[in-house]
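**Q**
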Amino acid sequence: MSGKKIILVTGSSGLVGHGIRAAIEQEGQREDEEWHFVSSKDADLQDRASTEALFEKIKPTHVIHLAALVGGLFRNLDHNLDFFRINTQINDNVLSTSHRYDVKKVISCLSTCNFPNETKYPINETMLHCGPPHETNFGYSYAKRMIDVQNKGYHMQHGRMFTSVIPTSVFGPHDNFNLHDGHVLPGLIRRAFDSKADGTPFVIWGTGSPRRQFIYSLDLGRLFLWVMREYNEVTPLILSAEADHEISIKEAAELISEAVGYHGAVIQDTSKSDGQFKKTVSNDKMRKYLPDFKFTPFKQAIKETCDWYAANADKVRK
Amino acid sequence: MSSKKVILVTGGSGLVGHGIKAAMEREGQRSDEEWHFVSSKDADLKNRASTEALFAKIKPTHVIHLAALVGGLFRNLKYNLDIFRINSRINDNVLSTAHKHNVEKVVSCLSTCIFPDKTTYPIDETMVHDGPPHDSSFGYSYSKRMIDVQNKGYHIQHGCTFTSVIASNVFGPYDNFNCENGHVLPGLIRRAFDSKADGTPFVIWGTGSPRRQFIYSLDLGRLFLWIMREYKEVEPIILAADEESEISIKEAADLVIEAVGFKGEVIQDTSKPDGPLKKTTSNAKLRKYLPHFVFTPIKEAIKDTCDWYGANPDIVRK
Numbered sequence: 001m002s003g004k005k006i007i008l009v010t011g012s013s014g015l016v017g018h019g020i021r022a023a024i025e026q027e028g029q030r031e032d033e034e035w036h037f038v039s040s041k042d043a044d045l046q047d048r049a050s051t052e053a054l055f056e057k058i059k060p061t062h063v064i065h066l067a068a069l070v071g072g073l074f075r076n077l078d079h080n081l082d083f084f085r086i087n088t089q090i091n092d093n094v095l096s097t098s099h100r101y102d103v104k105k106v107i108s109c110l111s112t113c114n115f116p117n118e119t120k121y122p123i124n125e126t127m128l129h130c131g132p133p134h135e136t137n138f139g140y141s142y143a144k145r146m147i148d149v150q151n152k153g154y155h156m157q158h159g160r161m162f163t164s165v166i167p168t169s170v171f172g173p174h175d176n177f178n179l180h181d182g183h184v185l186p187g188l189i190r191r192a193f194d195s196k197a198d199g200t201p202f203v204i205w206g207t208g209s210p211r212r213q214f215i216y217s218l219d220l221g222r223l224f225l226w227v228m229r230e231y232n233e234v235t236p237l238i239l240s241a242e243a244d245h246e247i248s249i250k251e252a253a254e255l256i257s258e259a260v261g262y263h264g265a266v267i268q269d270t271s272k273s274d275g276q277f278k279k280t281v282s283n284d285k286m287r288k289y290l291p292d293f294k295f296t297p298f299k300q301a302i303k304e305t306c307d308w309y310a311a312n313a314d315k316v317r318k
Numbered sequence: 001m002s003s004k005k006v007i008l009v010t011g012g013s014g015l016v017g018h019g020i021k022a023a024m025e026r027e028g029q030r031s032d033e034e035w036h037f038v039s040s041k042d043a044d045l046k047n048r049a050s051t052e053a054l055f056a057k058i059k060p061t062h063v064i065h066l067a068a069l070v071g072g073l074f075r076n077l078k079y080n081l082d083i084f085r086i087n088s089r090i091n092d093n094v095l096s097t098a099h100k101h102n103v104e105k106v107v108s109c110l111s112t113c114i115f116p117d118k119t120t121y122p123i124d125e126t127m128v129h130d131g132p133p134h135d136s137s138f139g140y141s142y143s144k145r146m147i148d149v150q151n152k153g154y155h156i157q158h159g160c161t162f163t164s165v166i167a168s169n170v171f172g173p174y175d176n177f178n179c180e181n182g183h184v185l186p187g188l189i190r191r192a193f194d195s196k197a198d199g200t201p202f203v204i205w206g207t208g209s210p211r212r213q214f215i216y217s218l219d220l221g222r223l224f225l226w227i228m229r230e231y232k233e234v235e236p237i238i239l240a241a242d243e244e245s246e247i248s249i250k251e252a253a254d255l256v257i258e259a260v261g262f263k264g265e266v267i268q269d270t271s272k273p274d275g276p277l278k279k280t281t282s283n284a285k286l287r288k289y290l291p292h293f294v295f296t297p298i299k300e301a302i303k304d305t306c307d308w309y310g311a312n313p314d315i316v317r318k
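Top line first, the protein sequences correspond to chains A and B. Counting in this note's numbering, the first sequence runs from 1 upward without gaps. Counting in this note's numbering, the second sequence runs from 1 upward without gaps.
The following block contains the structure:
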C-alpha cells in the first residue's frame, strides 16, 4: 500500500484548479491524499526563493503544475516575449525545486494550442515539436513545449517522473470571462449575458466556423486525478473528448444563447481574427488507458457553467 | 556616417572568437569599432548580476554572443538537462541585459546540429523548428532554438534587432581537439599528429565516403564582421561554404595527412558508423547577400590549422 500523498496544485485558483476541486468533491476526499491548492497569493513562482519557501512549507510528494501566465488570442499577440520568459521562469522554478524536494511526480499542463500550426489531423502526442506553433501565441507555446523537453531531461539525468497532459479547450465555472484576455467559450458566455442584460445584439467574433473539441473542467479534473494516481509515462497525454464531438464556434454560441435564455439578435463580426481553424486532436492514447471514461454531455456542461455564472455575478473574473 | 560601435564578444576565447580576431587582424582595425572579447574570466553569464555588471562596464552597442556550455556527443547524452538549463539561463541573461542596455544588435551563434534530425536536404534557415533535433544533444539544441524564438519576441515586442547565424563544421586554430568531441576535422588532425608522434597507424573512422561542408574559422570570422555591420534580418542566416566545395571524410583525411607530414600506415575502421552520406546546408541566403565572397581554399585552411597545432602544443585544448 503506498504511503500518504501530499499534493501541491500550483495556479489552483483558476479554471482547471477548480475543476480538480469539483472532481474531488464529486468522488469524495481520499484518506491517503492531502491536497494543497495554492495561487499567487501563497507564492510568487517567478521568484526562486518564494518557490523554495512554498515547497519547504508544504513538502509535497506530488505536484500538479497549473500556474502560468495565460491569455486568449488577443493578449498573446502583443506580448509573446513576456509570455515566453515569464512562463519559462515559473516552469524552471517549479521543476527544479520539485527535483530538489524529491517530488515523486509532477504533472504539468500544456495546451493543444502548443502544437504545430501546420500539421496533419488528428494531432497526437508525438507531434508536439514537429513545426512552429501558431504565430499569435508562439511565446506561450514554446515555453510550454520546453516543459516537455525538461521532463525528458529530468528523467534521463535524474530518473524523475515529471510528465504533462495536453487538454483541449477547457471551459467551466471560475473561468476568466474577460473579453480581451479570455478564451472563446467564456467570451461567448459573457457576451450572451451582457447582451441579455443590456438589450444589445450578441456578437460572435470571427466567422464562427472554427471547430473545437471542448472539455468541461469537471471532466478534466477527474482525468487529472487519474493521471496523478496512475499515469507513469514521461511523454505527454492528450485529454480530450472524441474527435467527432467537435463543434463550431457558431454552434457553441447557439447552445449558450439557449442556456442563458437570450433571444435577441446574433451578429457575426468577421473583422475579428478566427485563430486556428481546426485543432482536432486524437484521444487514442487516453482511451487506451481509459476506454470507459464518460464525459459530461456538452449541453449539460454549458448549462451548468452558465448557471454558475448567473449565480456568482460578484465572483466572476472579468 | 554611423557613430562608433562598441562590440562585446561573449565566449570570445573559443574557436569562433579567435576566428573573428583573425579576421579583424587581417583586414585591419576600423577606427569606428571598439572590440571587447570576454570569456568566463570576465563575467559569469549564468549569473544575472555578473552579466549586468559586464554590460554596465563595457556599455556595448553591439553584441556577438558566442558563449555557451558546449559538449561533444558523450558529454551531452547524460547531461542534456543541465546543458539545456544552463544555456537557457546564459541566453536569457545576455538577451535581456542587451535589451535593457539598448544594444543595437545582438548576433547569437547557432549550429546546424540543432536542426531536425529527420529532415530533407539541403537544410535551410526555415527548417529550424520543423521537428525534434537529434536525441543525443536535444538539451543543447532546444536551448539554441529558443534564442531564435526570443529574437523574434524581442523584435515584435520591443523592435530589437536580435538575430543569429547558423554555422557548422567550423575548424581552425584554438579548436577543441579532444577525440570524444565528435567534430570530425579536429579529430582527424589530432589523430594524425598522435600517430606521427608515436608511430601508430592513422585510423579513419567509417568508410570515409560521407561528404561535408567545412568552414574555416577565419572565413566564419570575416562573415561575422559582415553580419555585425550589415545584416538586418531577425531570421537566422546559415554561414556555410558552397555545396560544390564539399569534400569527403577521406579527402579531408588525405589533406590532413599531407599537412601534418604523416607518412605511416593509414587504416579505415569500417566498423565505425558513417552518419548520413550528405548533410548539405544551403548557403543560398548568404550568397544572395554576398555573391562574391571567396572562401579560403580548404587545402590552405587545413595546412594553416595543422601548422598552428604543431607550433602550439602547450595551448592546444585536448
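Glycine included, each C-beta is placed from N, C-alpha and C at the ideal position. Remember, it's a predicted structure, so these values are computed and weren't measured experimentally.
If contact means a Cβ-Cβ distance below 9 angstroms, which residues of the region 121-132 of chain B contact chain A?
**A** From the region 121-132 of chain B, only Val128, His129, Asp130, Gly131, Pro132 have a Cβ closer than 9 angstroms to chain A.
**Q** Look up Arg317(B) in the DSSP assignment and give the residues it is bridged to.
**A** The partner list for Arg317(B) (beta bridge, DSSP) reads Asn176(B).
**Q** What residues from the region 96-123 of chain A come within 8 angstroms of chain B, judged by C-beta to C-beta, listed N to C?
**A** Within the region 96-123 of chain A, the residues whose Cβ lies closer than 8 angstroms to some Cβ of chain B are Ser96, listed in chain order.
**Q** Examine chain B for any beta-carbon lying closer than 8 angstroms to the beta-carbon of Cys306(A), and answer yes or no.
**A** Taking Cβ atoms only, chain B never reaches closer than 8 angstroms to Cys306(A), which makes this a no.
**Q** Keeping to the same chain, check which residues put their C-beta closer than 7 angstroms to that of Gln268(B); ignore five residues upstream and five downstream.
**A** Once the five neighbours on either side are set aside, the close Cβ partners of Gln268(B) are Ile204, Thr207, Gly208.
**Q** Check the C-beta distance from Met228(B) over to Ile64(B) and give it rounded, since I have them as a contact under 8 angstroms.
**A** Contact flag correct, Cβ pair sits at about 6 angstroms.
**Q** Suppose the cutoff is 7 angstroms on Cβ atoms and the five residues either side in sequence are ignored; what does the same chain contact list for Glu89(B) look like?
**A** A quick correction: the sequence has Arg, not Glu, at residue 89(B). Only Lys46 meet the Cβ criterion.
**Q** Could you tell me the distance, in whole angstroms, from the CA atom of Leu239(B) to the CA atom of Asp82(B)?
**A** Looking at the two C-alpha atoms, the distance is approximately 28 angstroms.
**Q** Using the Cβ count rule (16 or more neighbours within 10 Å means buried), how would you classify Gly199(B)?
**A** Exposed.
**Q** Just the Cα atoms here: how many angstroms apart are Asp314(A) and Lys144(A)?
**A** Those two C-alpha atoms are separated by around 32 angstroms.
**Q** What in chain B is Cβ-close to Asp82(A), meaning under 9 angstroms?
**A** The contacting residues are Gly153, Gln157.
**Q** Cα separation between Ile215(B) and Asp148(B)?
**A** Rounded to the nearest angstrom, the two C-alpha atoms are 22 angstroms apart.
**Q** Measure the alpha-carbon distance for Glu235(B) versus Ala43(B) and round it to whole angstroms.
**A** If I take the Cα positions, the gap works out to 28 angstroms.
**Q** Could you tell me which chain A residues have their CB closer than 8 angstroms to the CB of Asn102(B), listed as they occur along the chain?
**A** Chain A residues near Asn102(B): none, gap ~16 angstroms exceeds 8 angstroms.
**Q** Based on Cα-Cα distance, which residue from Thr168(A), Trp308(A), Tyr309(A), Arg48(A) lies nearest to Met286(A)?
**A** That would be Thr168(A), whose Cα lies nearest to the Cα of Met286(A).
**Q** Listing by chain order, which chain A residues have their CB less than 7 angstroms from the CB of Phe84(B)?
**A** The answer, in chain order, is Val149, Gln150, Gly153.
**Q** With distances taken from CA atoms, which of Asn80(A), His155(A), Met161(A) is nearest Thr136(A)?
**A** Nearest of Asn80(A), His155(A), Met161(A) to Thr136(A), Cα basis: Asn80(A).
**Q** Determine the burial state of Gln26(A): buried for a count of at least 16 other Cβ atoms within 10 Å of its Cβ, exposed for fewer.
**A** Exposed: under 16 other Cβ atoms inside 10 Å.
**Q** Check whether the region 42-53 of chain A touches the region 236-256 of chain A, counting contact only when three or more Cβ pairs, one atom from each stretch, lie closer than 8 angstroms.
**A** Too few Cβ pairs lie closer than 8 angstroms, so no.
**Q** What separation, rounded to the nearest whole angstrom, lies between the Cα atoms of Lys303(A) and Ile215(A)?
**A** About 14 angstroms.
**Q** Between the C-alpha atoms of Asn114(A) and Val165(B), what's the straight-line distance to the nearest angstrom?
**A** About 26 angstroms.
**Q** Assuming Ile90(A) is part of the alpha helix (DSSP H), what are its boundary residues?
**A** 80-100 is the span of the alpha helix (DSSP H), which, as asked, contains Ile90(A).
**Q** Indicate whether Thr112(B) and Ser168(B) have their beta-carbon atoms separated by less than 8 angstroms.
**A** Contact flag set, yes.
**Q** Suppose you measure from the CA of Leu188(A) to the CA of Leu110(A); what does that come to, to the nearest Å?
**A** Using only the alpha carbons, I get a separation of about 23 angstroms.
**Q** Whole angstroms are fine: how far does the CA of Thr280(B) sit from the CA of Glu300(B)?
**A** Cα to Cα, Glu300(B) sits roughly 22 angstroms from Thr280(B).
**Q** From which residue to which residue does the beta strand (DSSP E) around Ile147(B) run?
**A** Element bounds for Ile147(B): not the beta strand (DSSP E) but the alpha helix (DSSP H), 138-158.
**Q** Report yes or no: do three or more beta-carbon pairs, one from the region 160-167 of chain A and one from the region 94-110 of chain A, lie closer than 8 angstroms?
**A** Flag = yes, the region 160-167 of chain A and the region 94-110 of chain A touch.
**Q** Return no unless some Cβ of chain B is closer than 8 angstroms to the Cβ of Gly139(A).
**A** Chain B contact via Cβ: present.
**Q** Any heavy atom of the ligand HEM closer than 7 angstroms to the beta-carbon of Thr305(B)?
**A** For the structure depicted, the ligand HEM is absent and the ligand set is empty, with no information on it obtainable.
**Q** Please list, in chain order, all residues of the same chain as Thr61(B) whose beta carbon is under 7 angstroms from its beta carbon, the five residues on each side excluded.
**A** Excluding residues within five positions, the ones whose Cβ falls inside 7 angstroms are Lys5, Val6, Val103, Glu104.
**Q** Run through DSSP, which three-state label would Ala310(A) get?
**A** Reduced to three states, the DSSP call for Ala310(A) is helix.
**Q** First and last residue of the alpha helix (DSSP H) that includes Val16(A)?
**A** Element bounds for Val16(A): 15-27.
**Q** Is any beta-carbon of chain B found at less than 8 angstroms from that of Gln46(A)?
**A** So no, Gln46(A) is outside the interface.
**Q** Mapping DSSP to helix, strand and coil, what is Ala43(B)?
**A** Three-state result, Ala43(B): coil.
**Q** Just how far apart, CA to CA, sit Gly17(B) and Gln29(B)?
**A** Approximately 16 angstroms between the Cα atoms of the pair.
**Q** Quick one: is Pro167(A) near chain B, going by C-beta distance under 8 angstroms?
**A** No, because no Cβ of chain B sits closer than 8 angstroms to the Cβ of Pro167(A).
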